[in-house]
Structure formats: C-alpha cells, structure tokens
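Residue numbers for the sequence shown, in our numbering: 3 to 111.
Even glycine gets a Cβ: it sits at the ideal position worked out from N, Cα and C.
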Amino acid sequence: MLTSTDWISYLKSCTSIKSDYGIAKLLRIDRSTMSTIVNKKGFLGVKSAVKIADELKIEPEFVYICAQFERSKCEEERKLWLDLYDKIGGTQLDEKIREKLRISSMTNN
C-alpha cells in the first residue's frame with residue numbers, strides 16, 4: 003500500500019511542482035508538517051488526502067485509506083484498511099502508481 007511519502011512523490015511527478023515546499027503550499031499545510039510527513043514521522047490528514055486526490059483526479063478514498071493504514075497501530079486495524087483498499091480496487095491503482103514512479107525516477111537519473 004502506498005505511503006504518505008509515495009503519494010507526495012506521485013503528486014510531484016504529475017505536476018510541475020518539484021519541491022516539498024511547493025507541495026506543502028498546494029496542500030495548504032505548513033512546511034514543518036510537510037517535513038514531518040516526508041521524514042516518515044507523520045501522515046497525511048483528511049484534507050491533504052482529499053486535496054491530493056483532487057489534484058490527481060482520483061477518488062479520495064484511495065489516499066485516505068492508505069493514510070489510515072499507515073497510521074494504524076494494531077494488525078486488526080491494518081487488515082480492515084487493507085481489505086477495504088482491495089475491495090475498491092486500490093491494489094490495482096497502487097501497482098500503476100508504483101510503475102509510474104519507477105519510470106519517473108529512471109528518467110530523472
């Protein structure tokens with residue numbers, strides 16, 4: 003399942019915005035919040051998940067469920083979010099996004 007940093011990377015690859023600061027501005031979050039997310043010490047909130055989904059023209063449930071999965075502390079909760087993600091087709095979307103991120107990173111190197 004995609005992480006908050008994966009979603010931010012994908013958003014960067016789909017927009018002309020290349021900096022964390024620029025993405026923070028787009029998401030209307032402060033730079034310290036963005037830094038917390040990028041350093042894997044925090045997660046996307048509901049508003050950020052919805053904004054990312056809007057920018058990517060996908061259903062917000064995909065981004066929101068990933069953030070909730072990432073945030074979950076017990077295996078039972080993680081299984082619930084993973085099952086829901088699978089039911090809405092998240093696994094297929096996940097594969098497409100990961101492939102696009104791989105291609106993007108190869109062209110940037």
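In this structure, S6 sits near I39, with a CB-CB distance shorter than 7 Å. Per the coordinates, the alpha-carbon of E72 lies some 7 Å from the alpha-carbon of F45. Beyond the five residues adjoining it in sequence on each side, Q70 comes within less than 6 Å, by CB distance, of W83 in the same chain, given in chain order. Contact check for M3 and Y87: beta-carbon distance about 6 Å, within the 8 Å limit, so the pair qualifies.
Fewer than three pairs of CB atoms, one per stretch, sit closer than 8 Å, so the segment 87-99 makes no contact with the segment 21-29.
Taking 7 Å as the cut-off, the Cβ atoms of I54 and L103 do not count as close. Here V48 is not near W9, since their CB atoms are 7 Å or more apart. Ranked by how close their Cα comes to the Cα of L28, the residues E57, D96, K42 and E97 have E57 in first place.
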